[in-house]
Each structure stands twice: as structure tokens, then as C-alpha cells.
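In what follows, a structure is listed as C-alpha cells, so that the remarks can point back to it.
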Amino acid sequence: MSWVFHESDPMGGAAGEAYANTLKSPGMQPEHVLAREAIQNSVDAGLGFPKVTVRFRLRSLKGDAKAGFVQAAELGAQEVRKDALELSSPNCLESLNSPSKPLELLYVEDYEAEGLSGDAHDKGSNFYRLLLSLGDRSKARTEKGTGGSYGFGKSVYSSSSAIQTIFAYTRFKDEDGAEKTRLFGCGYYKSHEYRGKSYSGRAWLGTGKRQDDQGRTIVDPLDGKKADNLAAKLGFHLRGEGETGTTILIVDASVNLADIIIGVEDWWWPRLIEHKLDVEAIDASGQVFVPRPRRNEQLRPFIESFEIARGVATPKAGTQKLNPLNRLGDINLGTCGFVVSPLNALGAPIVRADRCNTVALIRAPLMVVAYKPFSETAPVVVGAFMGSEDIDLVLKKSEPPAHDRWDPDSQNLRDVDGAGKGVVNAVLSRVKAGLKRFQSEAAPPAPAKQKRLSILERALGAYFRPTGSGAKPPPDPTSSLVHLEFNKQPHATATKDGQLQLASSFKVFLDPKADDEPVCLRVRVSCPVLEDEGQEGEDLRLSIQVSGVDAKPDPDDHRLFRFKMSKGDKAHFGVVSEGYDPSWTVRLRPEIDEEVEA
24 MSWVFHESDP MGGAAGEAYA NTLKSPGMQP EHVLAREAIQ NSVDAGLGFP
74 KVTVRFRLRS LKGDAKAGFV QAAELGAQEV RKDALELSSP NCLESLNSPS
124 KPLELLYVED YEAEGLSGDA HDKGSNFYRL LLSLGDRSKA RTEKGTGGSY
174 GFGKSVYSSS SAIQTIFAYT RFKDEDGAEK TRLFGCGYYK SHEYRGKSYS
224 GRAWLGTGKR QDDQGRTIVD PLDGKKADNL AAKLGFHLRG EGETGTTILI
274 VDASVNLADI IIGVEDWWWP RLIEHKLDVE AIDASGQVFV PRPRRNEQLR
324 PFIESFEIAR GVATPKAGTQ KLNPLNRLGD INLGTCGFVV SPLNALGAPI
374 VRADRCNTVA LIRAPLMVVA YKPFSETAPV VVGAFMGSED IDLVLKKSEP
424 PAHDRWDPDS QNLRDVDGAG KGVVNAVLSR VKAGLKRFQS EAAPPAPAKQ
474 KRLSILERAL GAYFRPTGSG AKPPPDPTSS LVHLEFNKQP HATATKDGQL
524 QLASSFKVFL DPKADDEPVC LRVRVSCPVL EDEGQEGEDL RLSIQVSGVD
574 AKPDPDDHRL FRFKMSKGDK AHFGVVSEGY DPSWTVRLRP EIDEEVEA
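Residue 482 in this note's numbering is what sits at position 459 of the sequence shown, and the numbering runs on without skipping anything.
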């Protein structure tokens with residue numbers, strides 16, 4: 024038994040480092056990537072029991088224990104090639120024979136899971152998908168309710184190894200229901216030259232190599248007692264009857280278990296609080312760490328939002344809200360919960376600064392895909408969106424290999440009518456609109472401010488004009504006061520096609536102290552879209568109905584009406600906007616002016 028390094032194929036193929044590098048720089052802490060992806064693989068392989076158990080177990084080897092592991096793992100094969108492999112430094116191959124230099128090992132164990140079942144060389148088997156293939160996303164395209172597909176998630180194990188080397192030990196049921204164990208070693212290195220031959224960078228440790236009927240090199244995993252014997256030498260916990268699942272050994276792991284637990288809390292709290300996942304981490308001294316998301320103050324508002332969205336908590340008026348997304352045709356999109364973030368002792372929101380006004384995006388596996396920002400204004404609101412079963416497969420297809428966002432432009436969503444892209448766009452735009460509406464509802468009322476009316480301004484301005492001989496006395500500033508009063512404040516309603524419409528009604532009338540003479544008024548109603556920096560952009564088209572007075576619409580401006588009003592008259596305006604994108608913010612603005620009668 025020894026490592027078999029794959030000689031480069033004349034027709035090319037992925038280099039070994041492609042398997043290790045896929046998730047090396049996803050924009051988040053490495054321990055968080057490991058927590059996300061390793062648990063995702065385990066959850067996808069769950070047997071449907073109430074929960075999957077995942078354990079991160081760290082060992083630190085020195086002296087004879089280290090030497091025994093190095094011999095059992097046959098790491099001398101990598102050591103003699105270390106210059107050709109060009110691994111990042113520091114790594115254990117630089118001090119493999121130094122007894123005092125510790126060798127760090129991390130075992131990622133799952134239980135109540137299926138294990139790496141199936142024919143080891145059948146591309147549809149769990150074994151093949153996890154250890155031998157790269158980028159096979161067939162599962163992602165066809166199965167709802169899962170997180171990944173083993174297509175790229177496996178790279179999180181090798182990328183967590185300084186020497187890009189892992190071992191997999193698994194117990195599973197075969198087609199006849201009999202339980203079996205197997206063990207396999209994998210190395211994912213750069214393509215390289217060694218002793219005059221070219222190698223792809225992929226290497227395996229199993230029963231030794233053989234040739235198939237087409238002359239291709241085959242390496243089979245160790246099975247049964249042979250697998251268990253080597254597993255014991257490599258420090259695996261041996262799996263007995265009923266203990267199906269998989270343990271991945273990451274050789275030369277440089278990880279902080281406390282950071283792994285934080286990563287588990289940050290990204291897996293929905294599954295943890297629903298009691299569908301157990302996780303623990305055990306350090307080299309035997310100390311046990313467990314995630315406790317409900318004790319994490321910064322996560323509490325997101326958890327409250329999630330429980331509101333799931334219907335297990337009732338929102339508190341004013342600071343919390345349940346917001347089901349409008350259906351897209353016949354498709355149920357999902358539900359949001361929103362919560363105003365409480366403040367800490369210093370008066371700042373308790374949530375992390377980079378998660379203010381974000382929504383935790385969640386679907387069937389109950390991992391937070393992303394904390395997506397949707398606003399930059401106050402008050403600070405957070406939310407949780409739970410995607411419906413109807414759209415789980417679409418959302419899954421939209422995710423990149425790192426499963427860290429929903430991308431409406433994903434190539435996996437390409438279809439003739441753009442339905443998949445439309446679903447993702449609808450989800451993101453409606454979540455954003457819902458958050459902004461809740462912000463507006465939860466914001467403290469603006470201080471009362473008297474409306475500026477040009478009629479009153481003109482009357483007051485007359486006091487400052489030169490009065491010379493023959494000048495008329497200044498008018499009584501109260502003689503032409505005009506009032507505008509809303510019957511229904513501007514509010515948005517959803518249309519059948521998923522857009523919003525702004526609607527409102529108001530009345531215009533003269534103050535009882537005004538003169539008895541009729542006044543000619545001009546009322547213009549506009550509804551501009553607000554740009555990101557508060558600037559007003561395009562005006563929406565409006566449907567405006569006027570009653571109570573004989574109002575004449577302007578032939579060149581459908582928003583402008585002229586009419587004559589006497590004391591006691593009331594002009595009633597009903598306004599409905601055209602449909603607009605839910606992610607937009609709009610403002611209804613009526614303007615009143617006095618006209619001199621021709």
C-alpha cells in the first residue's frame with residue numbers, strides 16, 4: 024500500500040490543486056468556510072432522522088505518536104516531492120522527522136448520515152462525488168432541499184490542509200442493507216514534473232493501483248477490516264454497528280476551534296435552534312466547545328426575525344413585523360420577519376456593524392446563505408427570509424460554488440423564458456422593499472412642520488415691498504389661507520404582477536377666516552422616484568381623480584389641475600401611481616399655488 028500519483032492524461036484534465044483551490048478565497052474567514060461547507064456536506068447526507076451530529080476533533084501529535092502516524096499515512100511519498108509540489112510554507116513536510124514539532128490533525132465526523140455509499144468508481148455514488156469528481160452539480164440541478172452536490176464543497180477539506188491531503192473513513196449500507204466500512208486517502212496538489220514524468224497533481228492511497236480494461240489507472244479504497252485497521256492507526260474513532268456516516272481527516276490542519284464554533288453559530292443557527300443539528304468541537308486537551316446561538320446577543324434579532332417568519336413567534340407592534348412576500352403568479356416565494364435592532368449600553372445597535380439593515384437569506388437546508396444588506400438608512404432593522412419549497416431548487420441553482428449568495432445572473436438559471444432569473448430578482452427586490460417599508464413604519468414620526476404655501480408667502484412678502492404714494496395697503500395674510508389634508512396617507516399596495524402602486528387621497532379647502540371672494544388655484548401632484556443619495560429622479564405616471572370642484576386638467580401636464588374655490592368648497596383628490604419596482608422608494612408631492620384670474 025502506497026500513494027499513487029496520477030500521471031498526466033494526454034487529453035488534459037483538472038489539476039489536483041483545482042480541487043483544493045475552489046473555496047480558498049471566498050471572502051470569509053477560513054474556519055467559517057469550513058464550518059459552512061463541511062456541515063453542508065453532512066446535512067445533505069443525512070438519513071432523515073431528526074438531526075445530524077457533526078463533531079470537529081483536534082489532535083496534536085509529537086514524538087512516537089507523530090512518527091507512527093507519518094508511517095501509517097505514508098507521508099514520506101509527499102516529503103520526497105515537496106519541492107515539486109511547491110506547497111505553501113509553513114507545512115508539516117518541512118519538519119516531518121522532527122519529533123518536537125507538533126503535527127496538527129482535524130477530524131470532521133458526522134453521524135446519522137448516509138456515508139460514502141455506492142460503487143467507488145460510479146460517478147453517481149456519494150464516494151465518487153466527494154472524493155473523485157470536481158464540479159459535478161447534477162444534484163444541485165435536480166434535488167430540492169439540499170445545500171450542495173459534492174461538486175465543490177469537498178475542496179474545503181483539502182484547502183484546510185497545509186499539505187492539501189485528507190483521508191476519508193466511512194460506514195454505510197450497501198444495496199443489500201449490509202453495513203460496510205472503507206477508507207481512502209486523497210492528495211490534491213499542483214501539476215508537476217518528478218523524475219522525468221508529468222503528473223496531474225492528484226494522488227490516492229488505497230489498495231494499490233490496477234489497470235482497467237481500457238488501460239486506465241484505478242485505485243480502490245480499503246474495505247472492511249483493512250479499512251478499520253488503518254483507520255485506528257490514523258487516529259479515527261472506529262465506527263461500529265449502526266454508526267453510519269463519514270469522518271474526514273484533515274492532515275496538517277491550522278484551525279482555531281473557537282472560530283469554527285463562531286462560524287457554526289453565524290451560519291447554522293437556523294438549523295441549530297430548530298433542533299435539526301448538533302455540533303461540538305473538541306480540542307487536543309479534550310475540552311469541548313458547543314455553539315449557543317441563543318446566547319449570542321448579536322444574533323438575537325435575526326433569530327427573532329426567523330421565528331416570526333416561521334410563524335412560531337408573534338411580532339410585537341412597532342418593532343417587529345411579519346412580511347409574507349407576494350406570490351409571483353402561482354409561485355409562493357417565502358416569508359420575511361423583520362425586527363428593529365435593540366441598542367446596547369452605548370446607544371449603538373447590538374448587531375454587528377456590517378450586518379445593520381441586512382436580511383439573513385435562508386432556504387431548505389437552514390444555513391444562512393448570506394447576510395445581505397438592503398438599506399443604509401435608520402432605524403437599523405434586520406430580518407430573516409425563509410424561501411418557500413416552491414423555489415428552493417431555483418435558489419439552489421443560483422448559488423455559486425461557495426453557496427454565499429443568490430445570483431439572478433447565474434448561468435445555471437438559464438432558461439428560455441427567464442423564469443429562474445425572474446424568481447431570484449423578485450425575491451431580492453421584494454425583500455428589499457419589505458425592509459424599507461418596515462423602516463419607514465418603525466421610524467419615529469418627523470416633527471410637525473407647517474406646509475409652505477406660495478399664497479401665504481406672497482401675502483407675507485407684501486409687507487416688505489416699498490409702499491410709496493398710491494400703494495395699496497398690505498393684504499391680510501389670513502385672507503387666502505389654503506389647507507391640504509390627507510384622508511388616506513400615501514401607501515403602497517402590491518399588484519398582481521409583483522409590482523407596487525402608491526395610492527393616496529387628500530382634500531384642499533380654504534380656511535374659514537379667508538375672504539369670501541373665490542380663489543383661483545393650481546394643484547400639481549407629482550410622484551418622483553428617490554435616487555440613492557436622496558435626489559429625485561423620474562416622475563411616475565399618475566391616475567388622478569378630482570371631485571367637489573370643476574377642475575380642468577392641463578392639456579400638456581396630466582398632473583396639473585386648475586379650479587376656482589370659494590370658502591366652504593372642498594376639492595377631493597384621489598391618486599394612484601403606475602406600477603413600479605418594489606426596490607424603489609417614491610414620494611407623493613402635491614403642490615398648491617394661487618393664480619390670478621384672467
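Here a beta-carbon is modelled for each residue, glycine too, at the ideal position from N, C-alpha and C. In this text, all values refer to a predicted model and were calculated from it rather than measured experimentally.
Per DSSP, residue i is paired with what?
i, result
"Q524", "T516"
"M409", "T358, I385"
"E617", "L544"
"W26", "L228"
"H595", "K530, S570"
"E54", "None, per the DSSP bridge assignment."
"E127", "S83"
"E132", "R78, T270"
"S589", "BP columns for S589 are empty, so no partner."
"A191", "F207, I271"
"G69", "A136"
Would you decide whether residue i is buried or exposed? Buried here means 16 or more other CB atoms lie within 10 Å of its CB.
i, result
"R20", "This structure gives no information on residue 20, because the portion of the chain shown stretches from 24 to 621."
"L533", "buried"
"P431", "buried"
"T381", "buried"
"G69", "buried"
"L366", "exposed"
"T188", "buried"
"P578", "exposed"
"P73", "exposed"
"E480", "Note that E480 scores 42 on pLDDT, short of 50, meaning its location in the model is unreliable; the coordinates nonetheless yield the value given after this. Looking at its Cβ environment, which holds fewer than 16 other Cβ atoms inside 10 Å, E480 is exposed."
"R152", "buried"
"S308", "exposed"
"H581", "exposed"
"K519", "exposed"
Using a Cβ-Cβ distance cut-off of 8 angstroms, determine whether residue i contacts chain C.
i, result
"W290", "Reference to chain C is not applicable here, since this structure consists of a single protein chain."
Please name the residue in the options whose C-alpha comes closest to that of residue i.
i, options, result
"E508", "L153, S527, D427", "S527"
"P388", "V405, P402, M409", "M409"
"A255", "D427, K299, A96", "A96"
"K89", "D579, I354, C115", "C115"
"I414", "L436, E399, F397", "L436"
"W429", "G445, F586, D440", "G445"
"L280", "R582, E618, G560, A58", "A58"
"E198", "L139, Y603, E412", "L139"
"I567", "F79, K590, A517, E601", "E601"
"T337", "V362, D353, D306, L322", "V362"
"R317", "R294, E117, V311", "R294"
"L416", "D592, G443, S570, V93", "G443"
"R612", "Q52, P576, R564", "R564"
"K248", "T269, T204, G238", "T204"
"T400", "N448, R460, D427, Q343", "R460"
"Q52", "D282, L525, E264", "D282"
"V302", "S308, V287, Q310", "V287"
"E30", "I326, G219, H581", "G219"
"H514", "E54, S178, G597", "G597"
Helix, strand or coil: which one does DSSP assign to residue i?
i, result
"P576", "strand"
"S421", "helix"
"R233", "strand"
"F395", "First, the residue type needs correcting, since residue 395 is Lys and not Phe in the sequence shown. If DSSP states are grouped into helix, strand and coil, K395 belongs with the strands."
"R59", "helix"
"E464", "helix"
"R218", "coil"
"G210", "strand"
"I326", "helix"
"V335", "coil"
"D562", "strand"
"P293", "helix"
"K343", "One detail in the question is off: residue 343 reads as Gln in this sequence, not Lys. Correct three-state label for Q343: strand."
"L351", "strand"
"L119", "coil"
"D246", "strand"
Check the C-beta distance from residue i over to residue j and give it rounded, since I have them as a contact under 8 angstroms.
i, j, result
"P423", "V374", "Rounded, the Cβ-Cβ distance is 25 angstroms, inconsistent with contact."
"L110", "I186", "6 angstroms"
"L351", "G521", "5 angstroms"
"G406", "S463", "G406 to S463, Cβ: 14 angstroms. No contact."
"C550", "G457", "Contact doesn't hold; Cβ gap of about 20 angstroms is too wide."
"L128", "R82", "4 angstroms"
"V531", "V548", "With 8 angstroms as the limit, V531 and V548 do not qualify as a contact, their Cβ atoms being about 11 angstroms apart."
"L245", "L206", "5 angstroms"
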